[in-house]
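Student: Start counting the sequence shown at 1; every next residue gets the next number (UniProt numbering).
Ideal Cβ positions, reconstructed from N, Cα and C, are used throughout, including at glycine.
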Amino acid sequence: MYKGDTFVYFLQSVSNPDRFYVGITLVARKEERLAEHNRGQTKSTSRFVPWVCIYSETYKTKSEAQKREQYLKSIKGFRERKSICEKYKDNSSVG
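1) How is the beta strand (DSSP E) around Ser13 delimited, first residue to last?
2) Check residue 96 in the structure and name its three-state DSSP category.
3) Taking the alpha-carbon positions, what's the residue 115 to Asp90 distance?
4) Quick check on Ser83: does DSSP put it in helix, strand or coil?
5) Is the stretch 41-61 touching the stretch 18-33 in the sense that three or more CB pairs, one from each, lie closer than 8 Å?
Structural data, given as structure tokens:
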């Protein structure tokens with residue numbers, strides 16, 4: 001059974017700063033989930049480790065977070081996703 005707030009989070013690759021990833025996880029698992037990405041346990045992010053979390057949004061329900069994640073990954077959400085990545089990217093990880 002699901003319990004707790006859910007994050008929609010943006011990761012930026014330290015090794016390739018132009019790479020970003022959007023995902024969701026329980027707030028209680030945020031550190032564990034980032035560690036999984038950095039251990040290469042997520043297929044879509046394993047080639048670009050390590051990752052840093054540059055932005056997150058909190059939702060009361062998993063359903064709300066999933067809708068937001070789907071929107072951000074859609075064609076309709078592209079501009080907003082790009083804007084968030086540009087605004088919050090970790091410039092200290094470049095080069």
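Tutor: Answer, in terms of the structure:
1) As a working mapping, residue 13 is identified with position 13 in the sequence shown. Element bounds for Ser13: 6-13.
2) Only positions 1 to 95 of the chain appear in the structure, and residue 96 is not among them; the question remains open.
3) What the structure shows of the chain is the stretch from 1 to 95, and residue 115 is not part of that stretch, so it cannot be assessed.
4) Taking the first residue of the sequence shown as position 1, residue 83 is located at position 83. The answer is helix: DSSP assigns Ser83 an H, G or I state.
5) yes
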